Amino acid sequence: HGWSFEPSGACARIPQASESVAAGAVPSRRACVASYPTREHKSVLWVWPWEEDCLTVAGDLRAQPEGFLRGVADDASTYTRDLPYGWDTLLENIVDPAHIPFAHHGLQGKRDDAIAINMTSPIPIHA
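Structure below.
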């Protein structure tokens, strides 16, 4: 915890390391992280994690933070909540949006509204 990185992804500081250990660890390629283009807009951090050059969509307002947040006030607040389950449970729920009206009856829909959702994959999925 607390490691600091340069915008390039190079390690800048490891607070737990002694000065002598840091001298060898900080410049190590093993201490680097992937670096992605980021932008802050309306207090939301936007990250472009895809290999496709982010400038290829620069002219499309729908792909920009301003397009996503059109109509949201500059001082809008956010709500965050820690949930007592792991990433695997979250992922299972994200990839199964059809479960929402059934499993969250009365909160986010009604069981009678549950239907199959026709979904496609942008790349072939091989078993």
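In this note's numbering, each number is its position in the sequence shown, counted from 1, plus 248. Note that the Cβ used here is the ideal one computed from N, Cα and C, for glycine as well. Being a predicted model, the structure only gives us computed values, none of them experimental.
- The shortest C-alpha to C-alpha distance from F316 to any of W335, I342, H289 is the one to H289.
- In the structure shown, T328 falls within a coil segment according to DSSP collapsed to helix, strand and coil.
- For W335, the uninterrupted alpha helix (DSSP H) run begins and ends at 335 to 342, by DSSP.
- Excluding five sequence positions before and after P263, the CB atoms of its chain that fall closer than 6 Å to its own CB belong to G250, given in chain order.
- Here P313 is not near W298, since their CB atoms are 9 Å or more apart.
- DSSP, read as helix, strand or coil, puts S266 in coil.
- Per DSSP, E299 lies in no alpha helix (DSSP H) and is assigned neither H nor E.
- The residue among V292, D336, K358, D361 with its C-alpha nearest the C-alpha of V320 is V292.
- The criterion of a C-beta distance shorter than 9 Å is not satisfied by R359 and P345.
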